[in-house]
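Taking full-length UniProt numbering, the leading residue of the first sequence gets 1, the next gets one more, and so forth. Yeah, the Cβ is synthetic: ideal placement off N, Cα and C, and Gly gets one too. Presented below is the structure to which this report refers.
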Amino acid sequence: MIGADYFARDAASLAHDLIGATLLFHGVGGVIVETEAYDQEDPASHSFRGPTPRNAAMFGPAGHAYVYRSYGVHWCFNIVCGPGPTGQAVLVRALEPTQGLAAMQGRRGLADPRLLCAGPGRLCQALGLSREHDGLPLTRPPFHLLPAHGRPPVLAGPRIGITKGVETPWRFALAGSPYLSRPARGVPLQR
DNA sequence: CCAGTGATTCTCT
DNA sequence: GAGAATCACTGGC
């Protein structure tokens, strides 16, 4: 289990290190294979224009969840980070499902493991995450976050689905994973 | 490729 | 306060 101090750093660093970590919610989840970083200087970030009711969790304690509704339909799950309330977070975009397959298949209404958690909206549906989990700490149950073993190969490239800050290479993906929301692009990173 | 979907936020009275 | 634009997406064509 990762401790609170693990999150007291910038979003790009955390987003990189989270690749290969295991995320569970009520024992259901898997290995993080895709993340994106957002911070307050970033025009694509919800925190760019300062605190609002929706993004309040981004200005709260590091190591807590920021969950928001996307396109009026889906939920997206972020991990707040930074040395204090700096408006930074990591969007968790995809998991390789490893625990609680049946629960995820039931919530998603399909069986293909590649489609259970491949995308931020799908991931939240599979794990049962929604607004009521906004602001909860990831350092305590029902969340469990376990660090990666070793140094998985990570690619860094442009983020998905944004119209501003499109050049910033803050999407991180496990190289070669078949569980990504879209194919990995970008350059290999050393850790 | 593109339509659905509705909350959120911005801008202007 | 009202009207309008903007979405950190998904699924079906």
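Look at the alpha carbon of residue i and the alpha carbon of residue j, and state the distance between them as a whole number of angstroms.
i: Leu189; j: Val33; result: 14 Å
i: Val187; j: Asp10; result: 20 Å
i: Arg114; j: Ala57; result: 30 Å
i: Gln125; j: Trp75; result: 7 Å
i: Met1; j: Glu167; result: 34 Å
i: Val31; j: Ala156; result: 18 Å
i: Pro12; j: Pro169; result: Correcting the residue identity first, residue 12 is Ala in this sequence and not Pro. The straight-line gap from Cα to Cα measures roughly 9 Å.
Just mark residue i as buried or exposed, buried being the case when its beta carbon has 16 or more other beta carbons within 10 Å.
i: Pro97; result: buried
i: Arg185; result: exposed
i: Ala111; result: exposed
i: Tyr38; result: buried
i: Arg64; result: With the sequence shown as reference, residue 64 is identified as His, and Arg is not the correct amino acid for it. Flag for His64 reads buried.
i: Gly100; result: buried
Please name the residue in the options whose C-alpha comes closest to that of residue i.
i: His133; options: Phe77, Gly30 and Phe7; result: Phe77
i: Gly84; options: Met1, Arg131, Leu180 and Gln40; result: Gln40
i: Gly119; options: Arg171, Pro137, Val80 and Gln99; result: Arg171
i: Gly123; options: Ala8, Asp17, Leu23 and Asp5; result: Here the sequence assigns Leu to residue 123, which means Gly is not the residue at that position. Of Ala8, Asp17, Leu23 and Asp5, the residue nearest in Cα terms is Leu23.
i: Gly121; options: Pro51, Gly165 and Val67; result: Val67
i: Gly29; options: Gly165, Ser181, Ala102 and Gly150; result: Ala102
Since residue i and residue j are thought to touch, with beta carbons under 8 Å apart, how far apart are those beta carbons, to the nearest angstrom?
i: Leu91; j: Glu36; result: 4 Å
i: Pro152; j: Leu174; result: 6 Å
i: Gly165; j: Pro43; result: 5 Å
Using beta-carbon positions only, say whether residue i and residue j come within less than 8 Å of one another.
i: Ser47; j: Gly20; result: no
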